[in-house]
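Colleague: Submitted below is the structure of interest, expressed as structure tokens.
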Ligand code: SF4
């Protein structure tokens, strides 16, 4: 995206987000949208973009609520939560705060060594808390800050792990038929990470910029470096990967999750959900 002046940049960026929402019908009249707000630049842009659309007189009426999750990562997450609070307050949006400690009685710092990467339990428990909370507050949809770079990284990681089931989660909208699983939307699905960063800097938005201390060990970090290096040598690579995926798969397809976990009752595609499987590993001395 071309960087012009702040007003033109913002206009182009917000217009692209709105076009995606309209094209894929991500928000419907009367929806209560729960925004997963970590305090990082992507979730903060999602919050600002939806708050602006709420004011657009020619867009359908909808409500917003934000949810933040403290994973319990010492010296890292606190600042993110503060950023989430300040942005939600500035925009007059209610913020519901949850934590691993409160929900599962441990911090990520306490249990991560039992896993190959801290991101494995982190992602599973965070998704579990976000979904449960969104369900409890009666949200119709949950909006996440996944941007174009995140999506392409996830796509390549699924290829690398031969985890083709994950392909069903690709796309700007994840519909599900299970009543306890809140459908998810990704308003930044076709917005590049560098555009999100440019927006935050140009507009002097308070965001959480620190890197998670566990991120460098993850496959995602390595995939991200590979993609950024390739993009700098061959501009357009990321968009080409996204377009290839759109051509190869039906991104409108529905991800069917018919079961409920026999331990906790949360929706799952197996008999026992990933959160309960991971708790078994944690409790196994
Ligand atoms: Fe969690 Fe990994 Fe993200 Fe850190 S980098 S917040 S451990 S998913």
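Numbering (this note's numbering), first residue to last: 1432 to 1716.
Ideal Cβ positions, reconstructed from N, Cα and C, are used throughout, including at glycine.
Given the structure is predicted, the values throughout are model-derived calculations rather than measurements.
Could you check which residue in 1690, 1482 and 1665 has the C-alpha nearest to that of residue 1612?
Modeller: To locate residue 1612, count along the chain shown from 1; it is residue 181. The candidate whose alpha carbon is nearest that of residue 1612 is 1690.
Colleague: For the alpha helix (DSSP H) containing residue 1476, name the first residue and the last one.
Modeller: Position 45 of the chain shown, counted from the start, is the residue given in the question as residue 1476. Taken as a continuous stretch (DSSP letters only), the alpha helix (DSSP H) holding residue 1476 covers 1472-1486.
Colleague: Please determine whether the Cβ atom of residue 1574 lies at a distance below 7 Å from any heavy atom of ligand 1.
Modeller: Indexing the chain shown from 1 puts residue 1574 at position 143. Result no, Cβ not under 7 Å from ligand 1.
Colleague: Taking 7 Å as the cut-off, is the beta-carbon of residue 1513 closer than that to any non-hydrogen atom of ligand 1?
Modeller: Within the chain shown, residue 1513 is the residue found at index 82, counting from 1. Incorrect: residue 1513 has no Cβ contact closer than 7 Å to ligand 1.
Colleague: Excluding the 5 residues flanking residue 1693 on each side, which residues of the same chain have their C-beta closer than 7 Å to its C-beta?
Modeller: The residue you call residue 1693 lines up with position 262 of the chain shown. The answer, listed in chain order, is 1702 and 1703.
Colleague: How many angstroms separate the CA atom of residue 1557 from the CA atom of residue 1706?
Modeller: Position 126 of the chain shown, counted from the start, is the residue given in the question as residue 1557. Position 275 of the chain shown, counted from the start, is the residue given in the question as residue 1706. Going by the C-alpha atoms only, they are around 9 Å apart.
Colleague: Ordered along the chain, which non-local residues of its own chain (more than five positions away) have a Cβ less than 7 Å from that of residue 1569?
Modeller: In the chain shown, residue 1569 corresponds to position 138, counting from 1. These residues qualify, in order along the chain: 1463.
Colleague: Thinking residue 1514 and residue 1475 are a contact (beta carbons under 8 Å), I'd like their distance in whole angstroms, please.
Modeller: What you label residue 1514 is simply residue 83 of the chain shown in a count that begins at 1. What you label residue 1475 is simply residue 44 of the chain shown in a count that begins at 1. About 7 Å; that satisfies the 8 Å criterion.
Colleague: Do residue 1630 and residue 1444 have their CB atoms nearer than 8 Å?
Modeller: Stepping through the chain shown from its first residue, residue 1630 is reached at position 199. Stepping through the chain shown from its first residue, residue 1444 is reached at position 13. Yes, the Cβ-Cβ distance between residue 1630 and residue 1444 is below 8 Å.
Colleague: Whole angstroms are fine: how far does the CA of residue 1487 sit from the CA of residue 1710?
Modeller: Here residue 1710 refers to the residue found at position 279 when the chain shown is read from its first residue. Here residue 1487 refers to the residue found at position 56 when the chain shown is read from its first residue. So the alpha carbons of these two residues sit roughly 45 Å apart.
Colleague: With burial defined as no fewer than 16 other Cβ atoms inside 10 Å of the residue's Cβ, what is the status of residue 1696: buried or exposed?
Modeller: Residue mapping note: residue 1696 aligns to position 265 of the chain shown, counting from 1. Its Cβ having fewer than 16 others within 10 Å, residue 1696 is exposed.
Colleague: Check the C-beta distance from residue 1618 over to residue 1452 and give it rounded, since I have them as a contact under 8 Å.
Modeller: Here residue 1618 refers to the residue found at position 187 of the chain shown. Here residue 1452 refers to the residue found at position 21 of the chain shown. That pair is a contact at about 6 Å.
Colleague: One question on the structure: do residue 1623 and residue 1580 come within less than 8 Å of each other, judged by their Cβ atoms?
Modeller: As a working note, residue 1623 is residue 192 in the chain shown. As a working note, residue 1580 is residue 149 in the chain shown. In this structure, residue 1580 lies closer than 8 Å to residue 1623 by Cβ.
Colleague: Under the criterion of a Cβ to heavy atom distance below 7 Å, does residue 1549 qualify as lining ligand 1?
Modeller: By one-based count along the chain shown, residue 1549 stands at place 118. Indeed, a heavy atom of ligand 1 lies less than 7 Å from the Cβ.
Colleague: For a quick check, are the C-beta atoms of residue 1511 and residue 1470 less than 8 Å apart?
Modeller: Against the chain shown, residue 1511 aligns to sequence position 80. Against the chain shown, residue 1470 aligns to sequence position 39. Yes, they are a contact pair.
Colleague: Take the Cβ of residue 1504 as the centre, count every other Cβ of all protein chains shown within 10 Å, and call the residue buried at 16 or more, exposed below.
Modeller: In the chain shown, counting from the first residue as 1, residue 1504 sits at position 73. Answer is buried; the Cβ neighbour count reaches 16.
Colleague: I'd like to check one pair, residue 1620 with residue 1603: are the Cβ atoms closer than 8 Å?
Modeller: In the chain shown, residue 1603 corresponds to position 172, counting from 1. In the chain shown, residue 1620 corresponds to position 189, counting from 1. Against a cut-off of 8 Å, the Cβ pair of residue 1620 and residue 1603 comes out as a contact.
Colleague: What residue range does the alpha helix (DSSP H) around residue 1706 cover?
Modeller: One-based indexing of the chain shown puts residue 1706 at position 275. Taken as a continuous stretch (DSSP letters only), the alpha helix (DSSP H) holding residue 1706 covers 1705-1714.
Colleague: What residues in its chain sit with their C-beta under 6 Å from that of residue 1562, if we drop five residues either side in the sequence?
Modeller: By 1-based counting over the chain shown, the position of residue 1562 is 131. Closer than 6 Å at the Cβ level, and outside the excluded window around residue 1562, lie 1613.
Colleague: What separation, rounded to the nearest whole angstrom, lies between the Cα atoms of residue 1448 and residue 1436?
Modeller: Translated into positions along the chain shown, residue 1448 becomes position 17. Translated into positions along the chain shown, residue 1436 becomes position 5. If I take the Cα positions, the gap works out to 18 Å.
Colleague: Enumerate in chain order the residues of its own chain whose CB-to-CB distance from residue 1597 is below 6 Å, with the five nearest sequence positions on each side excluded.
Modeller: In the chain shown, counting from the first residue as 1, residue 1597 sits at position 166. Within the same chain, residue 1597 has close Cβ partners 1589.
Colleague: If we count the other Cβ atoms within 10 Å of its Cβ and call it buried at 16 or more, is residue 1457 buried or exposed?
Modeller: Position 26 of the chain shown, counted from the first residue, corresponds to residue 1457. That one is buried.
Colleague: Below 8 Å between beta carbons: does that hold for residue 1615 and residue 1575?
Modeller: Here residue 1615 refers to the residue found at position 184 when the chain shown is read from its first residue. Here residue 1575 refers to the residue found at position 144 when the chain shown is read from its first residue. Closer than 8 Å, so yes.
Colleague: Label residue 1661 either buried or exposed according to how many other C-beta atoms from any shown protein chain fall within 10 Å of its C-beta, with 16 as the threshold for buried.
Modeller: Walking along the chain shown from the start, residue 1661 turns up at place 230. Flag for residue 1661 reads exposed.
Colleague: Are the CB atoms of residue 1548 and residue 1648 within a distance shorter than 8 Å?
Modeller: Residue numbering aside, residue 1648 sits at position 217 when the chain shown is read from its first letter. Residue numbering aside, residue 1548 sits at position 117 when the chain shown is read from its first letter. In contact: residue 1648 and residue 1548 (Cβ atoms closer than 8 Å).
Colleague: Short check: CB of residue 1493 to CB of residue 1461, under 8 Å?
Modeller: Here residue 1493 corresponds to residue number 62 of the chain shown, with the count starting at 1. Here residue 1461 corresponds to residue number 30 of the chain shown, with the count starting at 1. In contact: residue 1493 and residue 1461 (Cβ atoms closer than 8 Å).
Colleague: Between the C-alpha atoms of residue 1542 and residue 1642, what's the straight-line distance to the nearest angstrom?
Modeller: For the purposes of this step, residue 1542 is taken as the residue at position 111 of the chain shown. For the purposes of this step, residue 1642 is taken as the residue at position 211 of the chain shown. Distance between the alpha carbons of residue 1542 and residue 1642 is about 20 Å.
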